[in-house]
Structure formats: C-alpha cells, structure tokens
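In what follows, a structure is listed as structure tokens, so that the remarks can point back to it.
There are 2 protein chains.
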Amino acid sequence: MGAMSNVERAVSALRQMIFAGELPPGSDHLESELAEQLGMSRTPVREAALMLQAQGLVEMRPRRGIRISPVSATDMAEIYDILTELESLAAARAAQAQYSKSDLATLATAIRDMDAALAADDLRAWAEADDRFHRELVRLGRNARLSMVVSVMRDQVRRARATTLFMRPKPKQSNEDHRIVYQAIARGDVQTAHDTHHAHRQAARDMLVALLEKHQFHGL
Amino acid sequence: MGAMSNVERAVSALRQMIFAGELPPGSDHLESELAEQLGMSRTPVREAALMLQAQGLVEMRPRRGIRISPVSATDMAEIYDILTELESLAAARAAQAQYSKSDLATLATAIRDMDAALAADDLRAWAEADDRFHRELVRLGRNARLSMVVSVMRDQVRRARATTLFMRPKPKQSNEDHRIVYQAIARGDVQTAHDTHHAHRQAARDMLVALLEKHQFHGL
DNA sequence: GTATATGTTTATGTATACATTAATGTATGA
DNA sequence: TCATACATTAATGTATACATAAACATATAC
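Sequence lines, in order, name chains R and H.
Taking the working numbering, the leading residue of the first sequence gets -8, the next gets one more, and so forth.
Taking the working numbering, the leading residue of the second sequence gets -8, the next gets one more, and so forth.
Rendered as structure tokens:
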C-alpha cells in the first residue's frame, strides 16, 4: 500500500531535519544515533546517507560520523553560477518550445502568488512560490538531467535561506524579472528569455554572496 | 596499507566493466551475481550501485536487478546541452582568472598531443588528450561543484564513444577551436573563450546526436 | 481460449552480528 | 613536563540471516 521503504523514509526524514535546521550545518551524527531516532537499523540510514552525500547534503567521514555539509559564501557562489547557466538554458529552450498559454499556467500562477505574497509581506509564501516558478521553468526546458542537477543545487540554496530570507532586501525587482521571462517564453523570444533570466540569477547571486560574506557565514 | 574499502573497489571495478562494455548498456545484473564476481558480499556492491546510480550510470529497479543505463540520442543531446553551458562558463572564468603561461601548460600539452595523435591517425590517443584538455579547462574554471557535474556528464559521453569515435569525421576543426580557446584564455579574452567553446561543444552535440540517431541507438 | 485467482519462487530490503581500524586514553621513559 | 609506545574503545565496513513482496507459473472458471 503505502509502499515506501525505510530508505525512502530515512531520506525524506533526514532532508526535513536538515532543512528545518534540526541537524545544523557542520554537525556530526553517528549512524546508530540517527538509526535509533528514525526507528530503524543502520542499514537503511547508511544507504540514505549515501544518497544525500551524492547530492552534497552530507559528508560521510570514516569514524567521524555523518556531517551535515556546511554552506559557505564560496559554496553559494559556485551553486548560483551553475544555477544561472542551467536555468537560463532552460528558459531559452522553453521559449523555443512554443508553449501555449495553458501550458504556461503554472508559471503564471506562481507569478501571481509571488505578487500576492509580496503585497501581504509574507516572505515564506513568496519563497515557496519563487521555488515553484523556478522548478516549473526548468521543467519546461525539457531536459531531465538538467532538472535533476538544478534541483540538487536548489536544495543547497534552500538551506541558506533560513539565514538570508529575512536579511535580504524585499524581492521587488525579482517579480518584475519573472514577468519579463514569462512573457518572453510566451511569445517565443529565446534571447530575451535567456538573457533576462541570466541577469536575474546573477543579481541574486551577487546579493546573496555579499550577504553571506558580510555575516561571516564562511565555514557554516 | 592500500587502504581501499570494498565499496571503493566495487565502484571502480563496476565503472571499468561498464566503460569496457563488459556490462553492456541495458543489461540487468543481480546484486548477488555481481557480488560473487567481485568476490565480496552484497552489502558493498549495493552501496557501490547506489553511488553509480546517483551518477546516472546504473538504475536499481526493485526485483529487476541493477540495470546498466542505456544512452540514447536524446540522452546525448541532454548531456551535451549541459556540458556546453557549464564548460563555456568554466572557459570564461579561466579567462577572467589571468592565468600565466605556465599555469596553462597542461592545456598546451593536451593541444599538442591532439595534434600529434591526429597526424598519426591515432583516434584513441586523440580522445584521451581531448578528455585531458576538457578536464583541465574545467579545473581552471575553479568551481568544484561544476567540475563534479561535468565529470559525471562526461562519464556518460565516454560510454557512447566506443560507438561514435570511429564513425565520426576526423576532429580537425576541433583542434582549431581548442587553440582559439587556449589563446583567448591566455590573453584574458573572456567573451571569445566563452563563445568559441560554446560553439565548439554545440557543434559536437549536433554531430553526435545525428550520428546516434542515424544508427538507431535510440534505446540502447 | 482468455482471464482471474492462487501458489511458488526468489531478489530485494532490513536487521543483526562481527571484524577492522582509527581515535582516544594511559603508562612509561627521558 | 613532554613525547612515544601501547592498550582500549568504539564506530564503521562487511558478512550473513531472514522477512517481505513482486514476478512467474499454475490451475481454475467462464
């Protein structure tokens, strides 16, 4: 029925704990501890940790336990550089694909939700809709591997957001950019879709890196 | 001494077998079979398979065994699209970094080796030097995550090369491109480095995809 | 002959036991 | 006091045993 293996349970539980900050960046955890917490044996925990390690969320170090990977300003710069290139390509491909208005409904909804969240000053809701927009954008680019890579990178960004979301300036220009990208895709303007999104992500990168550097989240 | 775990041994053995074609694309293998072949228990084989799965080399399907991932023309298009963007970024960053001639020695050597291999009509040697060039280029871009992603993608390309290397036209333009990229990096010409490499990879993509499509390597 | 239900097989998912080995603590000597 | 060698500890790496559940085959009904 609820055909979900313990490994899957462990993966999503650990992810949740990491994103919630319950397992703080840089902290170490024994396989046996985590296994007990999750009510299962070490085996599925180990396998889950291997998967999360492949996604850069944890590092398994011999005899030191499972370390929750820290995210430094440098890391964030690396990640955003990758996101910038790959998402821009996805935007270009989406524009090339000649999608109909109804194909783009999810994008449009996300944009409206961001507007609403911003008007209501609800940053959490904004971040959620922003995620939704970017995920859908990449999906429209129709490259399964690219989607995978981007989603792994976005996971790592998400972890820093607890820190950055309430320190960064209100994302006003951001919504403007999204709208331009959306319209470019709708009318098949490949260049504009690509370049606008590229600039959008690059701006976000510079802002976030500066923020993290300023607040000395270097090794955290 | 030779501190190498069975998991590591399993990973490199399986990689070798996959690249050598000993485990053909699309074939299925039981954990227990592989374990016996490698002279170890299922546990390290399973862990190795999980890692290779994260890199897209195999797929673990419940009760069907470990499947060696096939690489179709569509897959190749996806992979090259990613390689194109990320390697071009690396080229741009390398040009930005103002490397000295001696920093670029490895690149230069790779180019010379490609020339020599081409003159001697030794395609294997050419492919090896070509790999070396691209690996070094990415390294010079100084983005650890990007290097990782690119290396995973390149592994998948390598698997198709057994098929494509001797069917494709002689890589003559290729060497020309490499030289232009090298010179652009050496003089700090970011735009040329980026654009030339971008076009270089895109041309390779189109050629390879056409080749694979023609020879109906769709599901293989 | 087809389709459904039932039984059998068997590969995997998980738990557990054990071997290995790195890290820590202790003692000895200078 | 400090350094080195040794013993101890304990976490991981690996093997193994077993429960589970999917795939296959068989049989039965229509």
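Cβ coordinates follow ideal geometry from the N, Cα and C atoms, glycine included.
Source: prediction; values computed, not measured.
Local Cβ density within 10 Å of residue i, reported as buried at 16 or more and exposed below that
i, result
"R/Phe157", "exposed"
"R/Ser(-5)", "One detail in the question is off: residue -5 of chain R reads as Met in this sequence, not Ser. The residue in question, R/Met(-5), is exposed, as its Cβ has fewer than 16 Cβ neighbours within 10 Å."
"R/Gln147", "buried"
"R/Arg55", "exposed"
"H/Gly132", "buried"
"R/Asp112", "exposed"
"H/His206", "exposed"
"H/Ser93", "exposed"
"H/Arg37", "buried"
"R/Ser91", "exposed"
"R/Ala201", "exposed"
"H/Pro16", "buried"
"H/Ser142", "exposed"
"H/Ala120", "buried"
"R/Ala107", "exposed"
Distance between residue j and residue i (C-alpha atoms, nearest Å)
i, j, result
"R/Met(-8)", "H/Gln7", "Confidence at R/Met(-8) is low in this model, with a pLDDT of 38, below 50, so its placement is unreliable and the value that follows should be read with caution. So the alpha carbons of these two residues sit roughly 39 angstroms apart."
"R/His209", "R/His191", "With a pLDDT of only 45 at R/His209, under the threshold of 50, the placement of this residue in the model should not be trusted, and no figure is reported."
"R/Val2", "R/Ala96", "31 angstroms"
"H/Phe10", "R/Met105", "47 angstroms"
"H/Arg196", "R/Met31", "46 angstroms"
"H/Ala39", "H/Glu(-1)", "7 angstroms"
"H/Leu211", "H/Ser63", "Because H/Leu211 carries a pLDDT of 42, less than 50, the predicted location of this residue cannot be relied on, and no value is offered for it."
"R/Gln193", "R/Thr75", "6 angstroms"
"H/Arg52", "R/Val49", "25 angstroms"
"H/Pro35", "H/Asn(-3)", "6 angstroms"
"R/Ala116", "R/Gly47", "26 angstroms"
"H/Glu167", "H/Tyr173", "10 angstroms"
"R/Ser130", "R/Tyr71", "For clarity, residue 130 of chain R is Arg in the given sequence; the question names Ser instead. If you take the alpha carbons of R/Arg130 and R/Tyr71, they lie about 18 angstroms apart."
"R/Leu114", "R/Arg126", "18 angstroms"
"R/Ala4", "R/Asp122", "20 angstroms"
"H/Thr65", "H/Ser79", "21 angstroms"
"R/Ala26", "H/Leu25", "28 angstroms"
"H/Ser165", "H/Thr183", "16 angstroms"
"H/Gln28", "R/Arg33", "26 angstroms"
"H/Asn134", "H/Phe124", "16 angstroms"
"H/Thr154", "H/Lys163", "19 angstroms"
"H/Ala175", "R/Met67", "28 angstroms"
"R/Ile171", "H/Leu14", "48 angstroms"
"R/Lys161", "H/Lys161", "54 angstroms"
C-beta atoms of residue i and residue j nearer than 8 angstroms
i, j, result
"H/Ile73", "R/Leu77", "yes"
"H/Ala99", "H/His188", "no"
"H/Leu128", "H/Ala85", "yes"
"R/Ile102", "R/His169", "yes"
"R/Ala118", "R/Arg145", "no"
"R/Glu204", "H/Arg136", "no"
"R/Met42", "H/Leu41", "yes"
"H/Met198", "H/Arg159", "yes"
"R/Gln44", "R/Val181", "no"
"R/Gln89", "R/Gly12", "no"
Contact list for residue i against chain H, beta-carbon separation under 7 angstroms
i, result
"R/Leu41", "Glu38, Leu41, Met42"
"R/Glu76", "Glu76, Leu77, Leu80"
Within chain R, partners of residue i - CB distance below 9 angstroms
i, result
"H/Arg196", "Result: empty, since nearest Cβ-Cβ is about 12 angstroms, beyond 9 angstroms."
Per-residue contacts from residue i into chain H (C-beta, under 9 angstroms)
i, result
"R/Ala45", "Leu41, Met42, Gln44, Ala45, Gln46"
Per-residue contacts from residue i into chain H (C-beta, under 8 angstroms)
i, result
"R/Ala135", "Glu69"
Under 8 angstroms by beta carbon: chain R residues contacting residue i
i, result
"H/Val140", "Ile73, Val140"
Residue i CB to nearest heavy atom of the ligand GDP below 7 angstroms
i, result
"H/Gln164", "The ligand GDP is not part of the structure shown, which contains no ligands of any sort."
_Cβ contact check for the segment 14 to 26 of chain R and the segment 56 to 75 of chain R: 3 or more pairs under 8 angstroms_ = yes
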